[in-house]
Amino acid sequence: MSAGASEVESPATPGAATVPRIVTNTVEFPYRRSLGPVVGGYFTALAAGRITGVRSGARVLCPPLEYDPDTGAATSGELVDVGPAGTVRSWTWVPVPDARHPLDRPFAFALIQLDGADTSLMHVVDAPEGTLRTGLRVLARFRAEPKGRPDDLAYFIPEEAAGSTDAVPGIVDAATAAARAGAEPAEPVATMEFWSSLTYKEALAPAGERYARSMMGGKLIGQRCPTCAKVYAPPRDFCPIDGIPLDESQDLVLPDRGVVTNFTIVTPVAYPGQKETEPFVRVSVLLDEVEALLGLQPVVDVANADVRPGMRVEAVWLPEAERSAEEFGNRGWGATTGAISGWRPTGEPDMPVDSYQDRVF
Ligand SMILES: [Zn+2]
218 MSAGASEVES PATPGAATVP RIVTNTVEFP YRRSLGPVVG GYFTALAAGR
268 ITGVRSGARV LCPPLEYDPD TGAATSGELV DVGPAGTVRS WTWVPVPDAR
318 HPLDRPFAFA LIQLDGADTS LMHVVDAPEG TLRTGLRVLA RFRAEPKGRP
368 DDLAYFIPEE AAGSTDAVPG IVDAATAAAR AGAEPAEPVA TMEFWSSLTY
418 KEALAPAGER YARSMMGGKL IGQRCPTCAK VYAPPRDFCP IDGIPLDESQ
468 DLVLPDRGVV TNFTIVTPVA YPGQKETEPF VRVSVLLDEV EALLGLQPVV
518 DVANADVRPG MRVEAVWLPE AERSAEEFGN RGWGATTGAI SGWRPTGEPD
568 MPVDSYQDRV F
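Set out below in structure tokens:
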């Protein structure tokens, strides 16, 4: 790639991969919470095929709570058995479950008032479509292998269906769960592991789409502000200094060579999702001929200890068939992953520090 200031062909040469206009993002993380004596006691009982409520004044609340929702006062903490049969007080039908639902077949979410309780538990009823009704009598079904989670109480079935569904693998009735727990009592459930995951979709902004398309075609592009003459890489369709909108007419092809202005060595810790196991380098690259800086870039063909400010580098492009536009979204400005495997030393002499020191960030 040669110099700086030519216009981007539009559209850029289409690569083997296509550019998605919709970007899917997933944010996820694990955490562990302590349950306390009331909720912990409820989960401990579930593992033994029992459902418990908590006494609060003259009432029994199920699900059990530490505070009475009507008064805010602390409940007694005394857990008492309720169910395992109950009555549907309200329900809604889920005709097409998705992967996040508790069952892979149509089912109902229902408010179920268990026998002996004064409040209703929201749970799942596994029943044929058209059979749900307010007042329906239902029976609890439990996981044969409890895990100390809310879904150890698997779902409810209509009372009249009892017997015909008892052959579902991994699912048992209350008596069977209690008999197993009597033979091998479980530890009290004190904590619970959560895997929190949020997936959302958004449209790729026009500047991001032009950048992704260009990267698929093997060209870095940026955008020059006509007012301050700064070059932003990738294009962002506004100048944050002048506060003015920019557009495609200010895009320009950037050189894929430059100088390392600074670097950091990351020593990975084993958090979920971390795929790196060995220390790795991320560098900032000031591109030749334009005042454009790409941050957090990977390096290739160089040992961590040999990376230094002033080092001349060039982009190593992935073969066109291996490039993936999936990596380009609306965040992570300057990301090159998916098109460039990293930046490698060119072997040219290092540049003097005063040639780049004012453009470290
Ligand atoms: Zn500007």
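Residue numbering for the sequence shown follows the working numbering, beginning at 218 and increasing consecutively. All C-beta atoms, glycine included, are put in the ideal place defined by N, C-alpha and C. Predicted model only: the values in this text are computed from it and were never measured.
- For residue 464, the shortest C-beta to heavy atom distance toward ligand 1 is 7 Å or greater.
- The secondary-structure analysis by DSSP pairs residue 418 across a beta bridge with 241.
- For residue 372, the uninterrupted beta strand (DSSP E) segment begins and ends at 370-375.
- The Cβ atoms of residue 324 and residue 305 do not sit closer than 8 Å to each other.
- Taking one beta carbon from each stretch, the region 534-545 and the region 507-514 have fewer than 3 pairs nearer than 8 Å; the two do not touch.
- Measuring C-alpha to C-alpha distances from residue 526 to each of 476, 575 and 552 identifies 476 as the nearest.
- Annotation for residue 468 indicates a beta carbon at 7 Å or more from all heavy atoms of ligand 1.
- Residue burial is scored here from C-beta neighbours: residue 339 has fewer than 16 other C-beta atoms within 10 angstroms and is therefore classed as exposed.
- The C-alpha of residue 307 lies about 22 Å from the C-alpha of residue 317.
- In terms of Cβ geometry, residue 283 and residue 269 do not form a close pair [threshold 8 Å].
- Between residue 452 and residue 427, the C-beta spacing is below 8 Å.
- Annotation: residue 311 to residue 472 spans about 55 Å, alpha carbon to alpha carbon.
- For the set 489, 370, 513 and 398, the Cα lying nearest the Cα of residue 247 is the one of 489.
- Within a 10 Å sphere around the beta-carbon of residue 412 sit fewer than 16 other beta-carbons, which makes this residue exposed.
- The continuous stretches of alpha helix (DSSP H) do not include residue 553, and DSSP gives it neither H nor E.
- Selection 516, 414 and 407 evaluated against residue 499 yields 516 as nearest (Cα-Cα).
- For residue 260, the enclosing alpha helix (DSSP H) starts and ends at 253-263.
- At least one heavy atom of ligand 1 is found less than 7 Å from the C-beta of residue 458.
- Note on residue 281: 16 or more other CB atoms within 10 angstroms of its CB, so buried under the neighbour-count rule.
- By the Cβ rule, the region 392-409 does not count as touching the region 433-449, because fewer than three pairs are nearer than 8 Å.
- Cβ contact annotation for residue 514 (same chain, cutoff 6 Å, sequence separation greater than five): 500, 502 and 560, in chain order.
- In this structure, the C-beta of residue 444 approaches ligand 1 to less than 7 Å from one of its heavy atoms.
- Distances from the CB of residue 447 to the heavy atoms of ligand 1 include at least one below 7 Å.
- When the alpha-carbon of residue 395 is set against those of 409, 385 and 360, the nearest one is in 360.
- Classified as buried, residue 430 has 16 or more neighbouring CB atoms from the shown chains inside 10 Å of its CB.
- Around the beta carbon of residue 347, fewer than 16 other beta carbons sit within 10 angstroms, so the residue counts as exposed.
- In this structure, the beta-carbon distance from residue 353 to residue 245 does not fall below 8 Å.
- For residue 330, the secondary structure class from DSSP, reduced to helix, strand or coil, is strand.
- Residue 426: not part of any beta strand (DSSP E); member of the alpha helix (DSSP H) spanning 423-433, first to last residue.
- Counting only unbroken stretches of 3 or more residues, the beta strand (DSSP E) elements lying wholly within the region 433-474 are 438-441 and 468-470, in sequence order.
- The three-state reading of DSSP puts residue 570 in helix, counting H, G and I together.
- Across the structure, residue 441 and residue 407 are spaced so that their CA atoms are roughly 58 Å apart.
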